[in-house]
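With positions in the sequence shown counted from 1, the corresponding number in my numbering is that position plus 779.
Every residue gets a Cβ at the ideal spot worked out from N, C-alpha and C, and that includes glycine.
Bear in mind the structure is a predicted one, so any value in this text is a computation, not a measurement.
First the structure, in the form of structure tokens, and then the observations on it.
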Amino acid sequence: MNHVVLLGDSIFDNAAYVAGAPDVVRQVRRELPEGSRATLLAVDGGTTGDVRGQLRLLPQDATHLIVSVGGNDALRKSDFLGASARSTAEALAGLAELGDGFERDYLAMLDGVLARGLPTAVCTIYYPRFPEAPLQRIAVAALSVFNDCIIRAAFANGIPLIDLRLICTEASDYANPIEPSARGGEKISRAIADVVEHGFIGNRTEVFT
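This is the structure in structure tokens:
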């Protein structure tokens with residue numbers, strides 16, 4: 780039977796934000812076929828650099844790895860969004876530099892995950908739900924650079940991609956501006972179960988929403 784392991788950050792480790800409602804890993808267990816298992820190794824606040832430590836705890840009978848990470852990497856660079864720039868070109872160059880750094884970190888993380896030799900899927904970074912419209916627009920624009928890295932990494936390695944941007948699309952999917960609610964977690968867990976069942980047929984990337 781399948782043993783699905785969740786790696787990454789609070790997109791999966793969201794128990795602290797759902798007020799006693801089922802967290803993502805509990806919902807994944809409900810969605811998987813009877814006899815399957817799911818283990819949470821993702822940690823709230825985790826970054827690409829933290830996944831290596833999570834892999835050290837990988838159960839020996841793990842069959843599938845699902846990775847959702849990168850949002851906290853982006854948050855750590857959020858001071859860039861408030862920085863002044865002398866020109867649009869300077870602002871874009873700075874954003875490109877952030878993307879280059881994230882891509883290096885993400886690819887190194889993914890290499891470590893894929894080295895385990897298990898079926899692996901990755902997730903995009905979903906859009907936040909900031910109440911301030913200008914901040915929301917800036918965040919969405921900036922995250923496009925980070926998500927581009929993730930999407931290209933998925934296609935380069937022929938692994939499934941769960942596009943959380945197209946899954947968590949309603950206010951009720953969020954417990955706060957950046958964490959998934961129980962409702963959002965339910966949608967995410969369905970996509971994970973769908974990937975486990977259908978996402979590893981052939982060495983190609985399929986997008987799940």
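Quick check: the Cα distance between R962 and S923, rounded to an integer number of angstroms? C-alpha separation (whole angstroms): 24 Å.
Are the CB atoms of L918 and T984 nearer to each other than 9 Å? For clarity, residue 918 is Ala in the given sequence; the question names Leu instead. For A918 and T984, no; Cβs fall outside 9 Å.
Segment limits, beta strand (DSSP E) that includes S847: Start and end: 843-847.
How long is the line joining the alpha carbons of R895 and V846, rounded to whole angstroms? Distance between the alpha carbons of R895 and V846: 13 Å.
How many whole angstroms separate the CB atoms of Y906 and R944, which I take to be in contact at a CB cut-off of 8 Å? Yes, Y906 and R944 are in contact; Cβ-Cβ is about 6 Å, under 8 Å.
I'd like to check one pair, I904 with Q806: are the Cβ atoms closer than 9 Å? Cβ atoms of Q806 and I904: not closer than 9 Å.
I'd like to confirm something about T842: is its beta-carbon nearer than 8 Å to some heavy atom of the ligand MN, or not? For the structure depicted, the ligand MN is absent and the ligand set is empty, with no information on it obtainable.
Decide if the stretch 784-792 is in contact with the stretch 815-833; the criterion is three or more beta carbon pairs, one per stretch, under 8 Å apart. By the C-beta criterion, the stretch 784-792 is judged to be in contact with the stretch 815-833, since at least 3 inter-stretch pairs fall below 8 Å.
What's the gap between the Cα of P959 and the Cα of A920? So the two alpha carbons sit approximately 20 Å from each other.
With a threshold of 7 Å on Cβ separation, who are the neighbours of L836 within its own chain once the five nearest residues in sequence on each side are excluded? Short of 7 Å from the beta carbon of L836, and not among the five residues preceding or following it, lie these beta carbons of its own chain, in chain order: L820.
Rounded Cβ spacing between D792 and D823 (contact assumed at less than 8 Å): D823 and D792 do touch by the CB rule: their CB atoms are close to 5 Å apart, below 8 Å.
Taking buried to mean at least 16 other C-beta atoms within 10 Å of its own C-beta, is E810 buried or exposed? Classification for E810: buried.
Are D852 and F925 closer than 9 Å when you measure CB to CB? Less than 9 Å divides the Cβ of D852 from the Cβ of F925.
Using only the alpha-carbon positions, how far apart do T818 and V783 sit? Their Cα atoms are separated by approximately 6 Å.
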